[in-house]
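Protein chains: 4
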Amino acid sequence: MIEGARVFDLEQPRAEGMPVHPAHQQAGYSYLLHRRHEDEYRPDESGPRTGAAGIIVCAEHTGTHIDALCHQSDALTLYGGVSVDSSVQTPRGFKRHGVEEIPPILAPGVLLDVAASKGLDEIEAGYPVTAEDLEACCERQEVSVEPGDVALVRTGNARQWEDPERYLAGPGVAASASYWLAERGVIAVGADNMAWDVPGLRDPELGCLMPGHLILLARYGIYIVENLALEELAAAGAHRFDFVCTPLKLVGATGSPVRPVAVVSSR
Amino acid sequence: MIEGARVFDLEQPRAEGMPVHPAHQQAGYSYLLHRRHEDEYRPDESGPRTGAAGIIVCAEHTGTHIDALCHQSDALTLYGGVSVDSSVQTPRGFKRHGVEEIPPILAPGVLLDVAASKGLDEIEAGYPVTAEDLEACCERQEVSVEPGDVALVRTGNARQWEDPERYLAGPGVAASASYWLAERGVIAVGADNMAWDVPGLRDPELGCLMPGHLILLARYGIYIVENLALEELAAAGAHRFDFVCTPLKLVGATGSPVRPVAVVSSR
Amino acid sequence: MIEGARVFDLEQPRAEGMPVHPAHQQAGYSYLLHRRHEDEYRPDESGPRTGAAGIIVCAEHTGTHIDALCHQSDALTLYGGVSVDSSVQTPRGFKRHGVEEIPPILAPGVLLDVAASKGLDEIEAGYPVTAEDLEACCERQEVSVEPGDVALVRTGNARQWEDPERYLAGPGVAASASYWLAERGVIAVGADNMAWDVPGLRDPELGCLMPGHLILLARYGIYIVENLALEELAAAGAHRFDFVCTPLKLVGATGSPVRPVAVVSSR
Amino acid sequence: MIEGARVFDLEQPRAEGMPVHPAHQQAGYSYLLHRRHEDEYRPDESGPRTGAAGIIVCAEHTGTHIDALCHQSDALTLYGGVSVDSSVQTPRGFKRHGVEEIPPILAPGVLLDVAASKGLDEIEAGYPVTAEDLEACCERQEVSVEPGDVALVRTGNARQWEDPERYLAGPGVAASASYWLAERGVIAVGADNMAWDVPGLRDPELGCLMPGHLILLARYGIYIVENLALEELAAAGAHRFDFVCTPLKLVGATGSPVRPVAVVSSR
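Protein chains in written order, with my numbering: chain A, 31 to 297; chain B, 31 to 297; chain C, 31 to 297; chain D, 31 to 297.
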């Protein structure tokens with residue numbers, strides 16, 4: 031894995047002011063440093079060593095993160111027919127399909143650079159990437175999506191990370207593309223936007239916003255990774271890699287912040 | 031990396047009531063679910079999809095985590111001669127040596143199973159693992175610690191995770207062992223206890239508690255991973271592996287929760 | 031109100047380590063200072079003024095606080111026949127009977143010093159103060175409880191504030207006493223213990239723990255103030271006073287931290 | 031105090047989305063309900079009673095609040111010559127002049143309705159209320175500001191509470207008016223804007239922003255109450271009243287949320 035491999039960091043930096051989905055803005059993201067080095071510096075009594083520390087307050091769906099299966103329901107039923115009742119849903123999280131149930135993900139990864147396959151730096155805000163777009167992208171890249179893969183869809187939206195309003199308004203993935211990926215047996219998907227799906231776009235057939243969340247998490251049991259930083263990986267033209275993502279075992283949580291990496295072997 | 035490899039999960043589960051170091055108990059660790067599926071279930075208007083979400087409040091040094099270099103100072107100087115002043119230390123964290131500066135760690139890992147090398151299930155509370163103990167362990171395991179390695183020290187203390195009081199009182203690593211590892215050029219170390227060093231033990235020479243923190247973080251620039259779950263890895267007798275750990279880029283933070291894994295290739 | 035009146039502060043100090051009810055220990059209470067004066071001290075650019083600030087993380091039922099009517103239900107119905115459904119109970123609190131609906135309380139207050147009437151400094155842990163105890167106390171004090179009053183029951187437990195374990199195990203008020211007060215038409219009650227009722231005591235008739243919470247909040251619409259500091263007021267022998275308590279309008283919250291005062295006019 | 035008195039509530043409601051000063055937006059204000067009634071509803075085992083509860087995460091300077099003396103320094107010296115050093119300023123707040131040192135405030139209150147005295151509903155954004163404005167207002171109202179008073183300045187800005195951007199940009203109090211009030215010996219002041227002073231206005235003489243904070247808190251030891259709801263009180267033409275404000279004893283904190291009231295006796 032290691033010798034001579036190139037590692038691409040797919041996490042956006044976490045800081046106050048980063049884009050946050052309206053549904054998670056209440057808690058938002060804060061890091062506050064309260065213990066400082068000088069507080070405990072008493073060289074005569076306790077030597078030269080000092081420590082500093084802070085606290086994190088955040089919604090689990092801020093920054094680059096993965097959605098657990100309990101994050102979404104299909105008519106109040108979780109993936110695998112688990113009913114949402116008080117034995118499953120508690121004040122401290124879920125007893126089934128919590129993010130701690132996601133194993134460490136080390137799987138073959140494929141980048142579907144849809145922006146590039148359309149000859150664009152980035153796809154315009156609001157555009158829904160369709161199954162046809164993914165097909166065309168695979169042809170152009172001469173790759174196929176295989177069972178067990180983690181499929182990452184690049185729209186170029188990551189370039190807008192510093193402009194939260196524009197970033198949030200970005201493009202997304204249409205229901206047809208979520209179905210297309212699910213049918214190919216991927217174990218997880220990811221994209222360089224806030225919520226995989228197209229912001230504010232209701233799917234006519236399913237009658238809901240964010241159809242991909244319903245299809246992938248609640249119906250197929252496929253994880254979604256959001257807010258990926260895919261520019262560097264795309265620039266390197268790496269379409270195949272080892273995808274590594276280790277969600278924190280936040281017991282009962284509906285997701286976890288993550289720092290996924292793509293490992294491209296030199297061979 | 032992936033085909034036929036065995037992946038060991040080295041993270042302890044994160045839940046209220048887990049052991050927390052006294053210095054970080056104020057914020058502690060909480061996960062609170064506030065958005066529930068039934069809240070937005072209006073099938074006629076918005077289809078069958080619903081979402082649930084919560085918030086995390088925690089000290090960055092709770093659970094299995096990595097210490098950033100800014101976490102410790104040597105007479106108010108960080109690693110590399112960086113003075114702790116207001117240009118470096120701010121209310122929102124550090125401008126230098128914050129955890130976001132730690133690259134994704136994919137490195138050769140070595141398990142030093144000191145408990146096993148002493149013929150014990152676990153080392154008694156308060157015992158300081160010395161350089162001699164590490165030497166003896168390497169001999170018995172027929173491994174050596176090489177530059178660029180990540181060295182994990184097993185005391186067996188992870189077995190006490192469910193008993194916070196006992197876990198916190200566990201054994202640790204003596205200054206001599208921290209020096210020994212630093213001199214071998216490791217890039218990171220880790221152990222199955224709360225704070226690497228022996229709880230409450232002042233180093234006579236350095237005159238401080240937690241000498242390993244001073245030596246490794248502030249003087250050698252070596253990261254420390256704490257609260258590792260090493261029992262399964264040890265039971266498998268895996269002494270050499272690929273160590274993968276991807277700290278979250280919490281800008282300015284003095285550490286990050288992590289879920290490290292050990293990848294043991296079948297070859 | 032003011033000239034020559036004596037004001038008694040009935041709030042316990044709020045600090046980490048204070049007694050917290052097991053049901054509210056997850057979030058607990060923390061105050062963390064992150065902005066410090068030196069951070070923005072640049073006299074040449076911005077003059078001599080600097081500011082410091084922090085954050086509060088707490089359960090609304092920590093420290094001296096008042097319970098809102100939405101805090102308790104009677105078979106999933108709030109006071110006044112309000113059903114607990116998603117139109118009333120939301121992720122951000124309650125749309126009915128939230129603490130913001132409590133008007134500022136300025137009302138005649140009466141101290142029922144049950145400990146003193148029993149000739150004790152404090153009543154033993156676990157003792158349930160009965161209707162008979164309140165009757166006897168009123169007789170001994172030559173006071174009566176009138177409609178519109180706020181009735182404060184003193185057990186002496188406030189003396190144990192510094193010993194959280196003992197404080198939490200303190201005495202409480204029996205269902206008979208809650209009924210007795212409710213029937214007299216008080217608008218609010220309070221006591222010097224964690225939860226008004228006797229810790230862990232199930233009421234045989236109602237079949238629940240904390241019967242006073244059911245009786246007072248859910249059935250009679252009477253507020254409960256908890257963790258009052260009553261020692262100084264009792265020492266002054268003040269049995270009648272103006273009770274002033276202004277709950278914060280935390281929209282939707284089930285309670286609020288408060289600093290009640292008793293104003294004893296000199297006349 | 032009570033019979034026949036009219037009580038005016040001077041607190042703005044606390045809810046997500048309320049105006050928050052840029053300096054305190056990181057933690058902001060959140061209330062999250064996590065325990066819900068149905069969670070513990072098991073009538074057969076535990077009777078009809080259920081409880082619900084949530085948590086509060088906020089900066090202490092959000093909503094209607096009072097500033098403690100430790101909130102501001104004059105060249106790193108607090109009121110009364112207290113130097114800001116590590117014996118006074120700690121990760122958990124201040125050991126001197128913390129908000130817990132503010133006694134319950136029950137004092138004569140005076141409303142200076144500057145907007146009305148100028149014949150306006152509200153004073154325009156950015157306007158600095160001067161000493162002359164206060165003089166003119168006192169004359170017009172036929173009131174004087176006396177030692178021991180709490181002086182509330184009305185600009186009409188409270189009408190903009192629902193429009194955070196406009197509210198934050200509101201008018202304020204000039205340094206000359208802060209001096210004028212300080213010299214009259216008031217114990218506290220308050221206004222219907224975010225930060226007493228004029229947003230973004232540097233005082234030429236003191237060379238700093240928010241000169242009133244320096245003058246009142248750090249130099250005269252006079253508390254400042256911010257974000258007051260003064261419309262109803264002004265509409266009633268009440269210029270003299272009993273002002274009641276009981277800051278929470280948040281040990282070490284630089285301020286406290288409060289719900290002040292004005293009590294207007296019928297006599």
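Every residue, glycine too, gets a C-beta built ideally from N, C-alpha and C.
(request) Report all residues from its chain with a CB closer than 7 angstroms to the CB of D/Leu-62; omit the five preceding and five following residues, and keep chain order. (result) Here residue 62 of chain D corresponds to residue number 32 of the fourth sequence, with the count starting at 1. Excluding sequence neighbours, D/Leu-62 sits near Gly-84, Ile-85.
(request) Determine the contact status of D/Thr-80 and C/Leu-106, defining contact as a CB-CB distance below 8 angstroms. (result) The residue you call residue 80 of chain D lines up with position 50 of the fourth sequence. The residue you call residue 106 of chain C lines up with position 76 of the third sequence. Their beta carbons are under 8 angstroms apart, which means D/Thr-80 touches C/Leu-106 by this criterion.
(request) Report the neighbours of A/Leu-62 on chain C: residues whose CB is nearer than 7 angstroms to its CB, in chain order. (result) As a working mapping, residue 62 of chain A is identified with position 32 in the first sequence. Within 7 angstroms Cβ-Cβ: Leu-62, His-64, Ile-85.
(message) For a contact defined as C-beta to C-beta under 7 angstroms, what are the partners of C/Asp-227 on chain D?
(response) Sequence index remark: in the third sequence, residue 227 of chain C carries index 197 (1-based). Those do not exist, as C/Asp-227 stays about 10 angstroms from chain D at its closest Cβ, beyond 7 angstroms.
(request) Output the distance between the C-alpha atoms of B/Ala-155 and A/Leu-247, rounded to the nearest integer angstrom. (result) Start at 1 with the first residue of the second sequence, and residue 155 of chain B comes out as number 125. Start at 1 with the first residue of the first sequence, and residue 247 of chain A comes out as number 217. Distance between the alpha carbons of B/Ala-155 and A/Leu-247 is about 44 angstroms.
(request) Within 10 angstroms of the Cβ of C/Arg-232, are there 16 or more other Cβ atoms? Answer buried if so, exposed if not. (result) Residue 232 of chain C sits at position 202 when you count from the first residue of the third sequence. It counts as exposed.
(request) Just confirm the distance between the C-beta atoms of C/Val-288 and C/Thr-94, as a whole number of angstroms; I'd bet it's less than 8 angstroms. (result) In the third sequence, the residue the question calls residue 288 of chain C occupies position 258. In the third sequence, the residue the question calls residue 94 of chain C occupies position 64. Indeed, because the Cβ distance is near 6 angstroms, the residues count as touching under 8 angstroms.
(request) Answer with yes or no whether the minimum CB distance from B/Ala-57 to chain C is below 8 angstroms. (result) Start at 1 with the first residue of the second sequence, and residue 57 of chain B comes out as number 27. Closer than 8 angstroms to some Cβ of chain C, the Cβ of B/Ala-57 qualifies, so yes.
(request) Can you pull the chain D residues whose beta carbon is under 8 angstroms from the beta carbon of A/Arg-121, in chain order? (result) Locating residue 121 of chain A in the first sequence gives position 91, where the first residue counts as 1. The amino acid occupying residue 121 of chain A in the given sequence is Pro; Arg does not appear at that position. Those within 8 angstroms of A/Pro-121 in chain D are His-64, Arg-65, Arg-66, Asp-69.
(request) Measure the alpha-carbon distance for D/Arg-214 versus C/Glu-90 and round it to whole angstroms. (result) Translated into positions along the fourth sequence, residue 214 of chain D becomes position 184. Translated into positions along the third sequence, residue 90 of chain C becomes position 60. Taking the straight line from one Cα to the other gives about 38 angstroms.
(request) Under 7 angstroms between beta-carbons, which chain B residues line up against C/Ser-116? List them in chain order, please. (result) Working through the third sequence from its first residue, we reach residue 116 of chain C at position 86. Simply Glu-68, Asp-69.
(message) Quick check on the DSSP output: the beta strand (DSSP E) that includes C/Met-63 runs from which residue to which?
(response) Sequence index remark: in the third sequence, residue 63 of chain C carries index 33 (1-based). Here residue 63 of chain C is Leu; the residue named in the question, Met, does not match the sequence. Counting along the chain, the beta strand (DSSP E) containing C/Leu-63 begins and ends at 59 to 65.
(request) Assign C/Glu-162 to one of three DSSP states: helix, strand, or coil. (result) As a first step, residue 162 of chain C must be located in the third sequence, where it is residue number 132. Taken through DSSP and simplified to helix, strand or coil, C/Glu-162 comes out as helix.
(request) Could you pull out every residue in the same chain whose Cβ sits closer than 6 angstroms to the Cβ of C/Arg-122, ignoring the five residues on either side in sequence? (result) The sequence position of residue 122 of chain C within the third sequence is 92, counting from 1. Once the five neighbours on either side are set aside, the close Cβ partners of C/Arg-122 are Gly-282.
(request) Note down, in chain order, all residues in the region 271 to 282 of chain D with a beta-carbon under 9 angstroms from any beta-carbon belonging to chain C. (result) Asp-272, Val-274, Cys-275, Thr-276, Pro-277, Leu-278, Lys-279, Leu-280, Val-281, Gly-282
(message) For a quick check, are the C-beta atoms of C/Leu-182 and C/Leu-150 less than 8 angstroms apart?
(response) Numbered from its first residue, the third sequence carries residue 182 of chain C at position 152. Numbered from its first residue, the third sequence carries residue 150 of chain C at position 120. Going by beta carbons, C/Leu-182 and C/Leu-150 fall outside the 8 angstroms limit.
(request) Give the residues from the region 37 to 49 of chain A that approach chain D closer than 8 angstroms (Cβ to any Cβ), ordered along the chain. (result) Glu-46
(message) When you compare the CB positions of B/Glu-261 and B/Arg-189, do they come within less than 8 angstroms of one another, or not?
(response) Position 231 of the second sequence, counting from 1, holds the residue named residue 261 of chain B. Position 159 of the second sequence, counting from 1, holds the residue named residue 189 of chain B. Against a cut-off of 8 angstroms, the Cβ pair of B/Arg-189 and B/Glu-261 comes out as a contact.
(message) For the alpha helix (DSSP H) containing B/Glu-75, name the first residue and the last one.
(response) Counted from its first residue, the second sequence places residue 75 of chain B at position 45. B/Glu-75 -> alpha helix (DSSP H) spans 73 to 76.
(request) Give a yes or no on whether 8 angstroms exceeds the smallest Cβ distance from B/Val-173 to chain A. (result) The residue you call residue 173 of chain B lines up with position 143 of the second sequence. Judged by the 8 angstroms Cβ criterion, B/Val-173 is not in contact with chain A.
(request) Please specify which runs of the beta strand (DSSP E), each continuous and at least 3 residues long, are wholly inside the region 157 to 207 of chain A, giving them in chain order. (result) Runs of the beta strand (DSSP E) inside the region 157 to 207 of chain A: 180 to 184.
(message) Can you list, in chain order, the residues of its chain with a C-beta nearer than 8 angstroms to that of A/Thr-160? Leave out the 5 residues immediately preceding and following it.
(response) Within the first sequence, the letter at position 130 stands for residue 160 of chain A. Ala-204, Ser-206, Ala-207, listed in sequence order.
(request) For C/Arg-249, name the three-state secondary structure that DSSP assigns. (result) Along the third sequence, read from residue 1 onward, the residue named residue 249 of chain C stands at position 219. In the structure shown, C/Arg-249 sits in a helix (DSSP, three-state: H, G or I).
(message) In whole angstroms, give me the CA-to-CA distance for D/Pro-290 and D/Leu-40.
(response) Here residue 290 of chain D refers to the residue found at position 260 when the fourth sequence is read from its first residue. Here residue 40 of chain D refers to the residue found at position 10 when the fourth sequence is read from its first residue. Cα-Cα distance, rounded: 5 angstroms.
(request) Go through its chain and collect everything with a Cβ distance to B/Val-216's Cβ below 7 angstroms, but skip five positions before and after it. (result) Along the second sequence, read from residue 1 onward, the residue named residue 216 of chain B stands at position 186. The residues are Val-175, Asp-179, Val-180, Ala-181, Ile-252.
(message) Tell me which residue opens and which closes the beta strand (DSSP E) that A/Ala-83 is part of.
(response) Start at 1 with the first residue of the first sequence, and residue 83 of chain A comes out as number 53. Taken as a continuous stretch (DSSP letters only), the beta strand (DSSP E) holding A/Ala-83 covers 83 to 89.
(request) Taking only heavy atoms of the ligand ADP into account, decide whether any of them is closer than 7 angstroms to the Cβ of A/Glu-165. (result) Ligands are entirely absent from the displayed structure, and the ligand ADP is therefore not among its contents.
(request) Figure out for me which residue from D/Pro-78, D/Phe-38, D/His-127 has the closest Cα to the Cα of D/Ser-286. (result) What you label residue 286 of chain D is simply residue 256 of the fourth sequence in a count that begins at 1. It is D/His-127 whose Cα lies nearest to the Cα of D/Ser-286.
(request) Consider the Cβ of C/Ala-212: report whether some Cβ of chain D lies at a distance smaller than 8 angstroms. (result) As a position in the third sequence, residue 212 of chain C is number 182, starting the count at 1. For C/Ala-212, the answer is no, since every Cβ of chain D falls outside 8 angstroms of its Cβ.
(request) Kindly indicate the opening and closing residues of the beta strand (DSSP E) around D/Ser-286. (result) As a first step, residue 286 of chain D must be located in the fourth sequence, where it is residue number 256. Unbroken beta strand (DSSP E) run through D/Ser-286: 285 to 287.
(message) Taking the alpha helix (DSSP H) that B/Val-144 belongs to, which residues open and close that run?
(response) In the second sequence, the residue the question calls residue 144 of chain B occupies position 114. Its alpha helix (DSSP H) spans residues 144 to 147.
(request) Could you tell me which chain B residues have their CB closer than 7 angstroms to the CB of A/Ala-205, listed as they occur along the chain? (result) Within the first sequence, the letter at position 175 stands for residue 205 of chain A. Neighbours of A/Ala-205 on chain B: none; closest Cβ ~11 angstroms, over 7 angstroms.
(message) Going by C-alpha to C-alpha distance, which of C/Pro-194, C/Gly-202, C/Cys-88 sits closest to C/His-243?
(response) Position 213 of the third sequence, counted from the start, is the residue given in the question as residue 243 of chain C. Of the candidates C/Pro-194, C/Gly-202, C/Cys-88, the one whose C-alpha sits nearest the C-alpha of C/His-243 is C/Gly-202.
(message) Determine whether the beta carbon atoms of D/Trp-226 and D/Ile-254 lie at a separation below 8 angstroms.
(response) On the fourth sequence, position 196 is the one that residue 226 of chain D refers to. On the fourth sequence, position 224 is the one that residue 254 of chain D refers to. Their beta carbons are under 8 angstroms apart, which means D/Trp-226 touches D/Ile-254 by this criterion.
(request) Apply the 10 Å Cβ neighbour rule to A/Ala-264 and answer buried if 16 or more other Cβ atoms are within range, or exposed otherwise. (result) Locating residue 264 of chain A in the first sequence gives position 234, where the first residue counts as 1. Buried: at least 16 other Cβ atoms inside 10 Å.
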